[in-house]
Every structure is written in C-alpha cells, then in structure tokens.
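Student: Take this structure, written in structure tokens, and hold onto it; I'll ask about it next.
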Amino acid sequence: MEQPVKFGPDGNMIGMYSPASGQGDVCCLLINSGIVHRIGPHRLNVLIARGLAAKSLASLRFDLSGLGDSRPASSAASYGDQAVADIRAAMDFVERERGTRQRFVIFGICSGAVNAYHAALADPRIVGALMLDGFWYRTRWTEPVRLWKRFWSLSPRKIFDAIRRRLKRSARPPAREAAPQVEIFGLEGSGNPPREQFAHAMNQLDARGVGLFLLYTSSVTGLVSYSAQIAQAFRGEPFTRRLRCEAHAEIDHTAVSLDAQRRMTEIVSSWVAGFAAARKT
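The following block contains the structure:
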C-alpha cells in the first residue's frame with residue numbers, strides 16, 4: 224500500500240513510500256527528472272513503483288528539496304551536494320521504517336541520472352544505479368551508426384524526398400551566417416565529467432560491486448547510437464566488463480507513448496527484482 228511520507232532533517236521532504244510486502248531488503252529510489260516532480264515524466268515513476276509493488280518490491284518516489292512538494296532545505300549546500308544529502312535522507316527514512324539495514328537501487332533520468340551517480344559514489348548502501356540518458360561519450364562509430372539506423376527507418380519515398388531537399392539546399396547561394404542560438408533545453412548541456420574522471424568513478428563503483436546500468440533512448444541517438452558505445456569509448460576499463468548498457472529505439476526520453484511506459488516499467492522492475500533474487504540465492 225502506498226503511503227505519503229515526510230522526512231529529512233528539516234522535515235521538508237515529501238514522498239510516496241511503497242513498502243515491500245515481505246521481508247526483502249531492497250528498495251528502489253525514484254527521484255526527480257529535472258524539475259519534474261516525483262511522479263516522473265508522464266507519471267513514469269508512479270507506473271514503475273506500482274510495477275515494483277506487483278513484484279513485492281519496495282520503492283520510494285520523492286521530491287528533492289525545493290522541487291515538487293518538498294520545501295527548500297535550510298542548508299546552504301550546492302544543488303548537487305543537497306541532492307546527495309536528500310537521497311541519503313531518503314535511505315535513512317526507509318531504514319527507520321524497516322527497522323533494519325537496507326540495500327538501495329536508484330533510478331534517474333537525465334539530471335536525475337547525474338544525481339544517482341553522485342549518490343552512489345557517496346553512499347555504500349546503494350548497490351545499483353540505473354542512469355537513463357545521463358552521460359554520453361562518443362566514438363568514431365556514433366554518427367555512422369546513427370545515420371545507418373536513420374536510413375533504414377525511412378521509406379524509399381522519404382529517402383527520395385530527403386535527397387531532393389539536400390540537392391535544392393546545395394544549389395542555393397550561401398546564406399549569411401546566423402547568430403548562434405542558445406538551446407535552453409538541449410541535451411548537449413549535460414555536464415559530462417572528463418573521461419578519465421568518469422572512468423575512475425565507474426571503476427570505483429564496479430569494484431564495490433554496484434550494478435551499473437546505462438540506458439539510452441531514441442531521443443539521444445546523436446549522442447549514443449548503439450548499445451556497445453560506452454564499452455568501446457572506455458575500452459580496457461574494468462567497469463566495462465560488467466556494465467549493462469542498452470540503447471532502445473522504442474523508448475523516448477520522457478516515455479510519451481503507452482508502449483514506452485510499459486517497456487520502461489518492465490525494464491526497471493525486472494532490474495530491481497534481480498537484486499532481490501541475488502540475495503536469496
């Protein structure tokens with residue numbers, strides 16, 4: 224049964240807690256995506272939480288300080304540091320409710336993926352991190368694969384029309400260079416760590432036994448176009464041997480379609496169930 228909860232040092236954080244129906248020690252944390260409140264884009268976090276409940280798995284979806292229904296924190300911490308503190312407060316709450324130490328897996332989209340990554344580095348209670356469209360590192364095959372997939376997704380008629388438009392543009396006199404436009408909501412704005420820093424952090428998490436899952440959608444094919452891209456971008460790094468990395472053409476960044484929502488729910492709930500099953504064996 225879902226329970227509205229309030230927690231945090233200031234009592235400022237609001238969430239919805241779904242306890243495990245049995246004695247399981249795994250809880251999935253579902254956090255904000257950007258400024259979207261705890262329900263997630265198109266209520267995705269709600270659907271995932273209920274998919275987890277159907278598998279007798281616990282979840283806590285909650286608003287970070289200053290987002291959704293949660294009031295700002297009284298501390299003067301930076302956004303990133305406060306996000307990590309909030310996630311740790313959520314874990315503290317679940318452990319108090321269960322009366323025993325718990326293991327946590329965390330799911331985040333975009334900036335939520337970045338927060339999940341930093342929280343996993345900061346707290347050993349996190350044993351799994353699923354980061355959707357959070358970090359990207361290109362290889363020489365990123366653009367060729369994107370173009371190849373794009374080509375095969377088009378009908379002959381659309382291919383003909385695209386070639387005709389390209390020929391028309393090339394026949395026009397060159398236009399004056401336009402002023403660069405600022406892409407406020409562009410995915411290129413993500414603050415990827417330098418490759419060396421990212422590899423070092425991921426190796427730390429891998430050495431600690433954290434399950435790492437990088438998931439990419441059709442919305443970022445210009446950044447990550449194929450499932451093996453991250454492993455190739457970090458070839459030889461230890462974390463790539465156990466990294467799960469998938470690029471899904473049938474899912475978009477915010478799971479707009481019902482099919483995408485169902486697919487995401489199944490991916491996340493099955494992933495979390497794997498952690499619970501691993502402890503039993």
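Quick note on my numbering: the sequence shown kicks off at 224 and runs consecutively.
Cβ atoms here follow ideal geometry from the backbone N, Cα and C, with glycine treated the same way.
For a quick check, are the C-beta atoms of D286 and R261 less than 8 angstroms apart?
Tutor: Cβ atoms of D286 and R261: closer than 8 angstroms.
Student: Would you identify the three-state DSSP class for P242, choosing helix, strand or coil?
Tutor: Coil.
Student: Where does G238 land, buried or exposed, given buried means 16+ other C-beta within 10 angstroms?
Tutor: Buried, by the Cβ-count rule.
Student: Is the CB-CB distance between G303 and H341 below 8 angstroms?
Tutor: Yes, they are a contact pair.
Student: Please report the straight-line C-alpha distance between Y449 and R284, rounded to a whole angstrom.
Tutor: Going from the Cα of Y449 to the Cα of R284 covers about 30 angstroms.
Student: If you draw a straight line from the alpha carbon of P367 to that of V337, how long is it in whole angstroms?
Tutor: Computed Cα separation, rounded: 27 angstroms.
Student: How is the alpha helix (DSSP H) around Q588 delimited, first residue to last?
Tutor: Past the boundaries of the shown model lies residue 588; the chain is included only from 224 to 504, so the question cannot be answered.
Student: With distances taken from CA atoms, which of S279, Q305, V228 is nearest D248?
Tutor: Among S279, Q305, V228, the Cα nearest to that of D248 belongs to S279.
Student: Since A277 is in the alpha helix (DSSP H), which residue starts that stretch and which ends it?
Tutor: It spans 267 to 277 - the alpha helix (DSSP H) in which A277 sits, taken as one unbroken run.
Student: What is the rounded straight-line gap between the Cα of L438 and the Cα of A456?
Tutor: Roughly 15 angstroms between the two C-alpha positions.
Student: If you draw a straight line from the C-alpha of A299 to the C-alpha of D233, how long is it?
Tutor: Distance between the alpha carbons of A299 and D233: 13 angstroms.
Student: Look up H471 in the DSSP assignment and give the residues it is bridged to.
Tutor: H471 is bridged to T440.
Student: For V479 versus L275, is the C-beta distance shorter than 8 angstroms?
Tutor: Against a cut-off of 8 angstroms, the Cβ pair of L275 and V479 comes out as no contact.
Student: Name the residue from V307, P347, L290 whose alpha carbon lies nearest to the alpha carbon of V259.
Tutor: When only C-alpha atoms are compared, the closest one is L290.
Student: With burial defined as no fewer than 16 other Cβ atoms inside 10 Å of the residue's Cβ, what is the status of A296: buried or exposed?
Tutor: Result: buried.
Student: Between the alpha carbons of A343 and I453, how many angstroms are there, rounded?
Tutor: Their backbone Cα atoms lie some 19 angstroms apart in a straight line.
Student: From the DSSP output, read off the bridge partner residues of C250.
Tutor: According to DSSP, which records beta bridges pairwise, C250 is partnered with A281, F327.
Student: Give the single residue among Q427, M487, S282 whose Cα lies nearest to the Cα of A499.
Tutor: Selected option, being the one with the closest Cα: S282.
Student: According to DSSP, is L344 helix, strand or coil?
Tutor: Looking at L344 - three-state DSSP - the assignment turns out to be helix.
Student: Is I453 helix, strand or coil when you go by DSSP?
Tutor: Helix.
Student: By how many angstroms is the C-alpha of A313 removed from the C-alpha of N235?
Tutor: Using only the alpha carbons, I get a separation of about 12 angstroms.
Student: Considering just the uninterrupted stretch of the alpha helix (DSSP H) at R428, what are its terminal residues?
Tutor: Correcting the residue identity first, residue 428 is Leu in this sequence and not Arg. Looking at the DSSP string, the run of the alpha helix (DSSP H) that includes L428 is 418 to 430.
Student: Quick check: the Cα distance between Q325 and D315, rounded to an integer number of angstroms?
Tutor: Cα-Cα distance, rounded: 9 angstroms.
Student: For A306, collect the residues of the same chain with a Cβ closer than 6 angstroms to its Cβ; drop the 5 residues on either side in sequence, then sort them by chain order.
Tutor: Around A306: L287, N338.
Student: What would DSSP say about M487, mapped onto helix, strand or coil?
Tutor: Looking at M487 - three-state DSSP - the assignment turns out to be helix.
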